[in-house]
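Participant: Each residue of the sequence shown is one higher than the last, beginning at 381 in our numbering. Just so it is clear, CB atoms sit at the ideal spot from N, CA and C, and this is done for glycine as well. What you are looking at is a predicted structure, and each value in this text was computed from that prediction instead of being measured.
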Amino acid sequence: MNPLKSDEYPAIYSDYIETITGDVMELLNEQITAFPEFLASIPPGKSEYAYAEGKWTIKEVVGHTIDTERVMAYRALRFARNDTKELIGFEPDDFVANARFNERSLESLSDEFVLVRKSNLMLFRSFNDHELARKGIASERLISVRAFLYIIAGHLNHHRNIIRERYLHE
381 MNPLKSDEYP AIYSDYIETI TGDVMELLNE QITAFPEFLA SIPPGKSEYA
431 YAEGKWTIKE VVGHTIDTER VMAYRALRFA RNDTKELIGF EPDDFVANAR
481 FNERSLESLS DEFVLVRKSN LMLFRSFNDH ELARKGIASE RLISVRAFLY
531 IIAGHLNHHR NIIRERYLHE
């Protein structure tokens, strides 16, 4: 896949995108096993821990990554199919507040992540270079289909690092 260009995404996503080295499709595929292995290493009883008042629990962070991947993949699909309608943003805090992630096991969230990612990889692999280069407006910002792949992979990297540093103190 061609490298991502800075004019394909808004600066707001730079922190996620900058975590990507190498081939993004390979990373997306590697994360299918690496992220569930990481989740399985979280000590029992820690999955409902929040490191500060008003912060999400580990389960909520994981659920948020799944929800965000779904939203970004949907946006990628719309733009890849040449849908030029502007897509509005979403509020992650509202999604988490209404998702009941803490009622589920961390294992079930891990299983859901794997299924969502495998499905999205099938979709992403179906896009040709022309479709990957298409752009649209999402959350009032111009972005390419290819950028969503980097955002999805980088967003997961970002939250895995936050879990390590703030929740597990690694």
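How do the segment 476 to 486 and the segment 522 to 530 stand: do at least 3 beta-carbon pairs fall below 8 angstroms, yes or no?
Facilitator: Verdict: no, contact absent.
Participant: Going by C-alpha to C-alpha distance, which of Glu417, Phe415, Gly434 and Ile438 sits closest to Lys426?
Facilitator: The shortest C-alpha separation from Lys426 is found at Ile438.
Participant: Return the chain-ordered list of same chain residues with a C-beta closer than 7 angstroms to the C-beta of Arg458, the five sequence neighbours on each side being excluded.
Facilitator: Excluding positions up to five away in sequence, the list reads Leu467 and Gly516.
Participant: Looking only at DSSP bridge pairs, what is Lys515 linked to?
Facilitator: Partner(s): Ser524.
Participant: Can you tell me the Cα-Cα spacing of His539 and Asn462, whole angstroms?
Facilitator: In a straight line, the C-alpha of His539 is about 31 angstroms away from that of Asn462.
Participant: Look at the Cβ atom of Ile446, then the Cβ atom of Phe493, and state whether they are nearer than 8 angstroms.
Facilitator: Yes, Cβ-Cβ distance for Ile446 and Phe493 is below 8 angstroms.
Participant: Under a Cβ-count criterion, where at least 16 other Cβ atoms within 10 Å of its own Cβ denotes burial, should Ile397 be classed as buried or exposed?
Facilitator: Result: buried.
Participant: Could you compute how far the alpha carbon of Thr401 sits from the alpha carbon of Ile543?
Facilitator: Roughly 21 angstroms between the two C-alpha positions.
Participant: Smallest Cα separation from Ser421: which of Leu486, Ser506, Gly534 and Val496?
Facilitator: Of the candidates Leu486, Ser506, Gly534 and Val496, the one whose C-alpha sits nearest the C-alpha of Ser421 is Leu486.
Participant: Return yes when the Cβ of Thr448 is within less than 8 angstroms of the Cβ of His535, no when it is not.
Facilitator: A contact, by the Cβ cut-off of 8 angstroms.
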